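Peer 1: When the letters of the sequence shown are read in order and numbered with this note's numbering, they come out as residues 80 to 899.
Ideal Cβ positions, reconstructed from N, Cα and C, are used throughout, including at glycine.
Remember, predicted model here, so these are calculated numbers, not experimental data.
Below you'll find the structure I mean.
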Amino acid sequence: MLRTSLRTQNPAIKCAHLRDVQTGLFRRQLSSTITRHNSQNVAPQLNGLEARWPKMKEADQEDVIDYLSERATHDWKELTLPEKRALYYIYFGNWGPRSDTQSKSTSQLILGALGGGITLIALGVAVMNYAYDLEREEKTQLLGKKIEEELKRREEAPKKSKSWFHLWTKTTKSSTPKKDENSDHALPTAREEKLSQWKIIKDLMAYLWPRNKLSFKVRVVCALSFLILAKVLNVQVPFYFKSIIDGMNIDWVSEVGTVSAVIGATILAYGGARFGAVLFGELRNAIFATVAQSAIRKVAYNTFRHLLNLDLGFHLSRQTGGLTRAIDRGTKGISYVLTAMVFHILPITFEISVVSGILTYNYGASFAAVTLLTMLTYSIFTIRTTAWRTGFRRKANAADNQAASVALDSLINFESVKYFNNEGFQASKYDAALKKYQDYSIKIATSLAFLNSGQNLIFTSALTAMMYMAANGVASGALTVGDLVLINQLVFQLSVPLNFLGSVYRELKQSLLDMETLFKLQENDVVIKSKPGAPPLNLTKGEIRFENVTFGYHPDRPILRNASFVIPGGEKVAIVGPSGSGKSTILRLVFRFYDIQSGRILIDGQDVRDVDLDSLRRHIGVVPQDTPLFNDTIIENVRYGNLEASDEEVQRVINEAQLDKLIEQLPDGLNTIVGERGMMISGGEKQRLAIARLLLKRAPITFFDEATSALDTHTEQSLLKTMRIIFKEHQNTNISIAHRLRTVADSDKIIVLDKGSVREEGTHQTLLRSEDSLYAELWNIQEHLDLEGELKDQEDELEKKELEKKKEKEILAKHHPEQN
80 MLRTSLRTQN PAIKCAHLRD VQTGLFRRQL SSTITRHNSQ NVAPQLNGLE
130 ARWPKMKEAD QEDVIDYLSE RATHDWKELT LPEKRALYYI YFGNWGPRSD
180 TQSKSTSQLI LGALGGGITL IALGVAVMNY AYDLEREEKT QLLGKKIEEE
230 LKRREEAPKK SKSWFHLWTK TTKSSTPKKD ENSDHALPTA REEKLSQWKI
280 IKDLMAYLWP RNKLSFKVRV VCALSFLILA KVLNVQVPFY FKSIIDGMNI
330 DWVSEVGTVS AVIGATILAY GGARFGAVLF GELRNAIFAT VAQSAIRKVA
380 YNTFRHLLNL DLGFHLSRQT GGLTRAIDRG TKGISYVLTA MVFHILPITF
430 EISVVSGILT YNYGASFAAV TLLTMLTYSI FTIRTTAWRT GFRRKANAAD
480 NQAASVALDS LINFESVKYF NNEGFQASKY DAALKKYQDY SIKIATSLAF
530 LNSGQNLIFT SALTAMMYMA ANGVASGALT VGDLVLINQL VFQLSVPLNF
580 LGSVYRELKQ SLLDMETLFK LQENDVVIKS KPGAPPLNLT KGEIRFENVT
630 FGYHPDRPIL RNASFVIPGG EKVAIVGPSG SGKSTILRLV FRFYDIQSGR
680 ILIDGQDVRD VDLDSLRRHI GVVPQDTPLF NDTIIENVRY GNLEASDEEV
730 QRVINEAQLD KLIEQLPDGL NTIVGERGMM ISGGEKQRLA IARLLLKRAP
780 ITFFDEATSA LDTHTEQSLL KTMRIIFKEH QNTNISIAHR LRTVADSDKI
830 IVLDKGSVRE EGTHQTLLRS EDSLYAELWN IQEHLDLEGE LKDQEDELEK
880 KELEKKKEKE ILAKHHPEQN
C-alpha cells in the first residue's frame, strides 16, 4: 500500500493510504509481500537520490520504493538520514507543483497560462519551485527530527498516534519560535519567516471578512467591484489611443467629416476611460477605509487586552518602551498590509495578466516571451534582494526598540539620573542604540538604491527589446503605427504596476516584519488563568491557609520552603522577617500573580487555583510597596479603586485617608494632575492616595505592603488608628507586611518568616517573651536604633538652644554694653 501511495500523484489517495497506516491495516497488508529485495544493494543508492531519480529505470525505482516501504514499516526508529531524505523526496518532493514544472510540458503550461491571461499563476508556480529548492535540505532535516519525535511519542502513548503525513502538515503550519523583540540574535530561518508571514496574512484576512458583519462584507465586495472596473477602463485607454493614431492616417480629402466625428468620439471615450478609472479607484478607497480602520483598531485592542491579561512574570522580563514601540509600529503596518492585499496585489495581478494576454493574443509568442522573461527576472531579483534587505530591517527594528526602552527608562527615573549626575551616561546609552539603528538604516538605504537600479535595468531592457520588435513590424507592414503606439502604451501600462509590485513587495515585507512582534505578543500564553468552569470565590470568614507551600521565581532558588501557617478571618495579622525572607511573595501568591510549585493556598477552604481568578482578585485589596499612580487627576486615581463610585464616596475615603487638608492647599483641588507615576506629589501623599483607593474598593481581604513607610510618625499613627476602626467595623482580614515592627505591634497575630519558612508566630508580647526569638531580636535592634535616633534628636535640640542663647547674649552685649 505504501508503494502505491509513493507512486501516486493523487493527494486524496495519499491521505487515504496514510490513514490506513495509522490504523495498522498497512502493516498487515504489507508484511507478507516485502521480502524479495536485498537492502544491501539498495541502501547505497539513496545518497544523491534526488538528482538520479528522474533518470532511474522503473525497475530500480521499484526496488527503492519497496526497500523504503519495508524500512518505514518495520524499522521506524532505525531510519538513517539518507533514508529519511529519500523517503521525503519520493513522497513529497516528487508530488505537486514541482513535478508539473519539471515535466516535459513546462513551456506549453507557461505559454498556455500566458495566453489565457493568467501569467502570474505560472510565475507563482515557478517561484514556488525556486523556493522549494532553497529549503529542501531544511525540510528534510526538519522532517527527520519530527519523525523521531513522533516515534518517541508513539511509544509513550500508542493510542494517540497520528500519521506522519499529519505530522508533516502540522510541521509546515507551526508558528515560528518566540524571540525577544529586543534581540538581534536567533533570527528565524527563511522557512520559519515565510510561515510566520503567511500566518499573519491569514489572520488579517479574518478582519477583512469578519463574521457577523454583513456591512463590512458588502463594503469589501463593492470595493473589489470598483477595483475591477477601474482596471478594465485603465487597460482600455491604450486601445482608444491606437484608434486615434490609426484614424489620423486616413485620407482627409474624401472623408474629413466622418473621420473628424469618429476621432472626436474616440477622444471623448479616451478621456472618459481615464476619468472613470480614477473615479472608481477613489470610490474603492473611500468604501474600504471603514474596513481598514476598524481592523487596525481591533488588532491594537486585542493585543493591548492580551498584554494586560499576561502574568506578572512576562511584564517583569520585558522592557515597557520596547513593547509600546512594537505596538505602535505594528498597528501602522496593519494599514499598509490590508491596503496592499486588496488594492495593490490583486489589481496588479489582474492588470499584468490582462496586458500579457492581450500582447500574446494580438502580437504573437515573441512579445509574450519577452514579457514572461521580464516578469520572471524582475520578480526573482526583487524577491531575493528584498529577502537580503529584510535582515537589515529586522536588526534596525531591534535597535529602535532598544533606543525607545533606554529613553523611556531614563525619563521615568529622571530623579535618579539627576541625583547621581548621570545625564551624560544615559545620553551615551541612548546614542549607542541610535548608532546601531543608524548603521542598519544606512544599509537599508544603500541596498534600496541597488534594488531600484536593478529593477529599472531589467524593465528598460525589456522595453527596448519590445520597441525594436514593434518597429520591425511597422517597417515590414505587419503592424500599423497605431499598433506600435498600443504596444508602447501597454508596456508602460505594465511598467506602472510592475514597478509598483516591487515597492509593494518591499513595503509589505517591512510591514510584516513590523507586525511580526505585534502578533507574537498575542501568541504568548496566559499562564495564570481560571480553569474552565471555575466557580467564583465563596467568601465567608476570609481565612487564609498556607499548607506546605514551596515557591521560587527561579526553580533552583526557592523563596518559600514548605511554608505552613493560618491567617484567621477578620483579624489583623502581620508578616515580618528579614529582607528576602518571602514576605511580599506571600501577597503575590495569594493574589495569584504566580502559581506555587507545591502545596496549597486556601481561602475559606477553597484552593485559589480552583476558583475564578477575577472573583478571587475582586475580594482582595492591596496597597503595594511601590505606589503606582496614573498621570491623571487625584479624584480619578482614587476612583480607580471602584470605577462606579460616586464623587461623595470618593470624598469620604479621601477624608478617611487624611488627604483632605492636602487637597485644600492645591490650586485645582481634586482635579490636580499628579504627574507620571505620581511624581508631582510626595511619597507620603502617594501612599495616602493609594490607601484611599483601597478603602474605596472595600475588599474583605486587604494587604498592606510597607504601606506607611513614607509617612511621618504622627500621621502614620493617626492613619493606622482610623483604618483599624474601619476594618474592625467591616470585619476585614487585614494582613500587614512590615519592616518597622512598631506599626504592627498591636496585631492579633504576628508571623515571623526566616529563609522562606515560618520561624515563629504569636502576639507581640508572647514573641518578646519567647526564648531565642528572632522577632525579639529584631525588635530590640529597632528599639535601640530608635532610641539612638531620639537621643540624637534631643542632643541636636539642646545644641540648637545653646546656640540661640549664645546669639541672644551677643546681641545684648552689642546693644547694652553697660550691662556687662
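Would you mind stating whether Glu700 and Leu790 have Cβ atoms separated by less than 8 Å?
Peer 2: In the sequence shown, the residue the question calls residue 700 occupies position 621. In the sequence shown, the residue the question calls residue 790 occupies position 711. Reading off the sequence shown, one finds Gly at residue 700, where the question assumed Glu. No; because the gap between Cβ atoms is not below 8 Å, this pair is not in contact.
Peer 1: State buried or exposed for Asp784, treating a residue as buried only when at least 16 other CB atoms are found within 10 Å of its CB.
Peer 2: To locate residue 784, count along the sequence shown from 1; it is residue 705. With 16 or more Cβ atoms within 10 Å of its Cβ, Asp784 is classed as buried.
Peer 1: Please state whether the Cβ-Cβ distance between Asn603 and Leu389 is less than 8 Å.
Peer 2: Within the sequence shown, the letter at position 524 stands for residue 603. Within the sequence shown, the letter at position 310 stands for residue 389. With respect to the 8 Å criterion, Asn603 and Leu389 are classified as neighbours on the basis of their beta carbons.
Peer 1: Count the other CB atoms within 10 Å of the CB of Lys321; is the residue buried (16 or more) or exposed (fewer)?
Peer 2: Within the sequence shown, the letter at position 242 stands for residue 321. Lys321 should be labelled buried.
Peer 1: Can you grab the Cα-Cα spacing for the pair Val606 / Pro746, in whole Å?
Peer 2: What you label residue 606 is simply residue 527 of the sequence shown in a count that begins at 1. What you label residue 746 is simply residue 667 of the sequence shown in a count that begins at 1. Looking at the two C-alpha atoms, the distance is approximately 46 Å.
Peer 1: What are the uninterrupted segments assigned as beta strand (DSSP E) that are 3 or more residues long and contained completely in the segment 619 to 704, given in chain order?
Peer 2: 623 to 630, 639 to 646, 651 to 655, 677 to 682 and 699 to 702
Peer 1: CA-CA distance, Arg624 and Val837?
Peer 2: Along the sequence shown, one-based indexing puts residue 624 at 545. Along the sequence shown, one-based indexing puts residue 837 at 758. Approximately 13 Å, taken between the alpha carbons.
Peer 1: Anyone know if the C-beta pair for Pro779 and Thr812 falls short of 8 Å?
Peer 2: Counted from its first residue, the sequence shown places residue 779 at position 700. Counted from its first residue, the sequence shown places residue 812 at position 733. The answer is yes: Cβ separation under 8 Å.
Peer 1: To the nearest angstrom, how far is it from the Cα of Lys610 to the Cα of Ser849?
Peer 2: For the purposes of this step, residue 610 is identified with residue 531 of the sequence shown, where counting begins at 1. For the purposes of this step, residue 849 is identified with residue 770 of the sequence shown, where counting begins at 1. Whole-angstrom Cα-Cα distance: 44 Å.
Peer 1: Based on the DSSP output, what are the partners of Val553 in its beta bridges?
Peer 2: Here residue 553 refers to the residue found at position 474 when the sequence shown is read from its first residue. Paired residue(s): none; Val553 is not in a bridge.
Peer 1: Which residues does DSSP pair with Ser836 in a beta bridge?
Peer 2: Residue mapping note: residue 836 aligns to position 757 of the sequence shown, counting from 1. Partner(s): Asp833.
Peer 1: Out of curiosity, what's the CA-to-CA distance linking Glu430 and Ser540?
Peer 2: Translated into positions along the sequence shown, residue 430 becomes position 351. Translated into positions along the sequence shown, residue 540 becomes position 461. Whole-angstrom Cα-Cα distance: 21 Å.
Peer 1: Can you grab the Cα-Cα spacing for the pair Ile537 / Ala379, in whole Å?
Peer 2: Here residue 537 refers to the residue found at position 458 of the sequence shown. Here residue 379 refers to the residue found at position 300 of the sequence shown. Those two C-alpha atoms are separated by around 40 Å.
Peer 1: Using only CA atoms, which one of His698, Pro703 and Gln140 lies nearest to Thr664?
Peer 2: What you label residue 664 is simply residue 585 of the sequence shown in a count that begins at 1. Sorting His698, Pro703 and Gln140 by C-alpha distance to the C-alpha of Thr664 places Pro703 at the top.
Peer 1: Return helix, strand or coil for Leu882, following the three-state DSSP convention.
Peer 2: Here residue 882 refers to the residue found at position 803 of the sequence shown. Correct three-state label for Leu882: helix.
Peer 1: Would you say the beta carbon of Tyr584 comes nearer than 7 Å to a heavy atom of the ligand ZN?
Peer 2: Ligands in the displayed structure: none, and consequently the ligand ZN is not present.
Peer 1: Taking the alpha carbon of Ser788 as the reference point, which residue from Gln810, Thr369 and Leu820 has its own alpha carbon closest?
Peer 2: Here residue 788 refers to the residue found at position 709 when the sequence shown is read from its first residue. Looking at the Cα atoms, Leu820 is the closest of the given residues.
Peer 1: Determine the direct distance from the alpha carbon of Arg688 to that of Val628, and round the result to whole angstroms.
Peer 2: Here residue 628 corresponds to residue number 549 of the sequence shown, with the count starting at 1. Here residue 688 corresponds to residue number 609 of the sequence shown, with the count starting at 1. Answer to the nearest angstrom: the Cα atoms are 13 Å apart.
Peer 1: Give the DSSP bridge partners of Phe783, in chain order.
Peer 2: By 1-based counting over the sequence shown, the position of residue 783 is 704. Note: Phe783 sits in a beta bridge opposite Val702 and Ser815.
Peer 1: Hey, Val416 and Leu283: beta-carbon distance below 8 Å or not?
Peer 2: For the purposes of this step, residue 416 is taken as residue 337 along the sequence shown, with counting starting at 1. For the purposes of this step, residue 283 is taken as residue 204 along the sequence shown, with counting starting at 1. Yes, Cβ-Cβ distance for Val416 and Leu283 is below 8 Å.
Peer 1: So what does Ile752 bridge to, in DSSP terms?
Peer 2: Working through the sequence shown from its first residue, we reach residue 752 at position 673. Under DSSP, the beta-bridge partners assigned to Ile752 are Thr712.
Peer 1: Comparing alpha-carbon positions, which option in Val143, Pro657, Leu600 and Gly748 lies nearest Gly409?
Peer 2: Along the sequence shown, read from residue 1 onward, the residue named residue 409 stands at position 330. The shortest C-alpha separation from Gly409 is found at Leu600.
Peer 1: Using alpha carbons as the reference points, say which of Arg696, Arg697, Val314 and Asp705 lies closest to Ala356.
Peer 2: In the sequence shown, the residue the question calls residue 356 occupies position 277. Of the listed residues, the one whose Cα sits closest to Ala356 is Val314.
Peer 1: By a C-beta neighbour count over all protein chains shown, 10 Å radius and 16 as the cutoff for buried, is Leu490 buried or exposed?
Peer 2: What you label residue 490 is simply residue 411 of the sequence shown in a count that begins at 1. Around the beta carbon of Leu490, a 10 Å sphere encloses fewer than 16 other beta carbons of the protein chains shown; the residue is thus reported as exposed.
Peer 1: Could you name the residues of the same chain whose beta carbon sits closer than 6 Å to that of Glu755, not counting the 5 residues immediately before and after it, in chain order?
Peer 2: Position 676 of the sequence shown, counting from 1, holds the residue named residue 755. Result list for Glu755: Asn710, in chain order.
Peer 1: Determine which residues share a DSSP beta bridge with Lys828 and list them.
Peer 2: Translated into positions along the sequence shown, residue 828 becomes position 749. Looking at the DSSP assignment, Lys828 forms a beta bridge with Val652.
Peer 1: Going by Cα to Cα distance, which pick from Glu650, Pro426 and Lys834 is closest to Lys807?
Peer 2: Taking the sequence shown and counting its residues from 1, the one referred to as residue 807 is at position 728. When only C-alpha atoms are compared, the closest one is Glu650.
Peer 1: With burial defined as no fewer than 16 other Cβ atoms inside 10 Å of the residue's Cβ, what is the status of Tyr498: buried or exposed?
Peer 2: Looking up residue 498 in the sequence shown gives position 419. Result: exposed.
Peer 1: Just mark Leu882 as buried or exposed, buried being the case when its beta carbon has 16 or more other beta carbons within 10 Å.
Peer 2: Within the sequence shown, numbered from 1, the residue matching residue 882 stands at position 803. It counts as exposed.
Peer 1: Compute the distance between the beta-carbons of Phe529 and Thr464, then report whether it is under 8 Å.
Peer 2: As a working note, residue 529 is residue 450 in the sequence shown. As a working note, residue 464 is residue 385 in the sequence shown. Closer than 8 Å, so yes.
Peer 1: Less than 8 Å between the beta carbons of Ala824 and His843, yes or no?
Peer 2: The residue labelled residue 824 in the question sits at position 745 within the sequence shown. The residue labelled residue 843 in the question sits at position 764 within the sequence shown. A contact, by the Cβ cut-off of 8 Å.
Peer 1: Are the beta-carbon atoms belonging to Leu695 and Gly661 less than 8 Å from one another?
Peer 2: As a position in the sequence shown, residue 695 is number 616, starting the count at 1. As a position in the sequence shown, residue 661 is number 582, starting the count at 1. No. Outside cutoff.
Peer 1: For the structure I just gave you, are there three or more beta carbon pairs, one from the segment 540 to 556 and one from the segment 508 to 519, closer than 8 Å?
Peer 2: no
Peer 1: Can you tell which of Ala447, Pro657, Leu616 and Ile406 has the C-alpha that lies nearest to the C-alpha of Gln861?
Peer 2: Position 782 of the sequence shown holds residue 861. For Gln861, the nearest C-alpha among the options comes from Pro657.
Peer 1: Give me the DSSP bridge partner(s) of Gly841.
Peer 2: As a working note, residue 841 is residue 762 in the sequence shown. Answer by DSSP bridge pairing, in chain order: Ile829.
Peer 1: Can you tell me which of the three DSSP states Leu558 falls into?
Peer 2: Here residue 558 refers to the residue found at position 479 when the sequence shown is read from its first residue. Leu558: coil per DSSP, three-state reduction.
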